[in-house]
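Using our numbering, read the sequence shown as starting at 406 and increasing by one per residue.
Each residue gets a CB set at the ideal place from its N, CA and C atoms; glycine is no exception.
Here's the structure we're looking at; comments come further down.
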Amino acid sequence: GQNLQDHLQVRVIHRCNEPLTTNDDMRSLWRKLRMGMQYVFQRSGPMAVGINQAGAFLRTRSGLDRPDIQFHFAALSADLPGAPLHDFPGFTASVCQLRPTSRGYLEIESADPMARPEIHPGYLSTENDCRIVVDALRVTRRIAAQPALSQYIVDEYQPGQQLQSDEELLKFARDTGVTIFHPSGTCRMGPDDEAVVDAALKVRGVSGLRVVDCSIMPTLVSGNTHAPAVMIAEKASDLIQADAGN
């Protein structure tokens, strides 16, 4: 349960000056009917794509050898993921740090296997992560200020232009940041005594048990975890078949 890592997303929301967003589509019966018809008959339209319709990998500072933040852009806005959409035209830029140095943990709270564990994500617990999340918010503002986007923006709904200092932006990130659903690392692979699984994904000290998911990662990947999870499963399949053949 130690070594918990995750990508923390912080969401910047802008009000749009035209009814061009999914917020507007969902308030209109005609638009909802049109979206449904597009999907049923053409497999196209807003229902045929994910919530985040664009993305980017960027560097927060010059001189870095690779991107350190990732963006997801959505043509909608809400107070929280899964909450009702705002009653105004809005769009969202979610940004996360790719290689967090913060570590959390989870622990069992009950002997009941169906009981939920206690999760301590440990977000923004290092100076490095705090600096990068503030830089990421400033990069987001620079992008929004470009003419291609600024012509559609009424104002910054969240966090709001009244928040300018590093301390204010960091507090905003702490107060509103949420998981981007990439938790990893709690059954990490390694040769040392603290590692949970070995190079064959076998749990140390337990016969006949392997762990096959993102929890075996010693460090979180710099991006989405779906493809790495598939790769881990493919490798596990080969290992299990090889053992069965022997």
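(message) In this structure, how does DSSP classify residue 519 when only helix, strand and coil are distinguished?
(response) If you number the sequence shown from 1, residue 519 lands on position 114. Here residue 519 sits in coil by DSSP.
(request) Kindly examine the ligand GDP and report whether one of its heavy atoms sits closer than 7 Å to the Cβ of residue 423. (result) Absence of the ligand GDP from the depicted structure is noted, as is the absence of any ligand whatsoever, leaving it without description.
(message) Quick check on the burial criterion: 16 or more other C-beta atoms within 10 angstroms. Buried or exposed for residue 518?
(response) Start at 1 with the first residue of the sequence shown, and residue 518 comes out as number 113. Residue 518 is exposed by the Cβ-count criterion.
(request) On a CA-only basis, which of 625, 581, 562 is nearest residue 538? Give me that one, please. (result) Reading the sequence shown from its first residue, position 133 is the one you call residue 538. When each option's Cα is compared against that of residue 538, the closest is 581.
(request) Count the other C-beta atoms from every protein chain shown that fall within 10 angstroms of the C-beta of residue 498, then say buried if there are 16 or more, exposed otherwise. (result) As a working mapping, residue 498 is identified with position 93 in the sequence shown. Counting Cβ neighbours within 10 Å, residue 498 comes out buried, since at least 16 surround it.
(request) Leaving out five residues on either side along the sequence, give the residues of the same chain with a beta carbon under 6 Å from the beta carbon of residue 479. (result) Taking the first residue of the sequence shown as position 1, residue 479 is located at position 74. Excluding positions up to five away in sequence, the list reads 456, 457, 497.
(request) Check whether the Cβ atoms of residue 501 and residue 414 lie closer than 8 Å to each other. (result) On the sequence shown, residue 501 is found 96 positions in, with the first residue counted as 1. On the sequence shown, residue 414 is found 9 positions in, with the first residue counted as 1. Closer than 8 Å, so yes.
(request) Check whether the Cβ of residue 472 lies closer than 8 Å to any Cβ atom in chain C. (result) Of the protein chains in this structure there is only one, and it is not chain C.
(request) With a threshold of 16 other CB atoms inside 10 Å of the CB of residue 614, please say whether the residue is buried or exposed. (result) Taking the sequence shown and counting its residues from 1, the one referred to as residue 614 is at position 209. So residue 614 ends up on the exposed side.
(request) Jot down the residue ranges of each uninterrupted alpha helix (DSSP H) in the region 555 to 583, minimum 4 residues, whole runs only, in chain order. (result) 571 to 581
(request) In the DSSP assignment, find the alpha helix (DSSP H) that holds residue 455 and state where it starts and stops. (result) The residue given as residue 455 occupies position 50 in the sequence shown. Careful: residue 455 lies outside any alpha helix (DSSP H) and carries neither H nor E.
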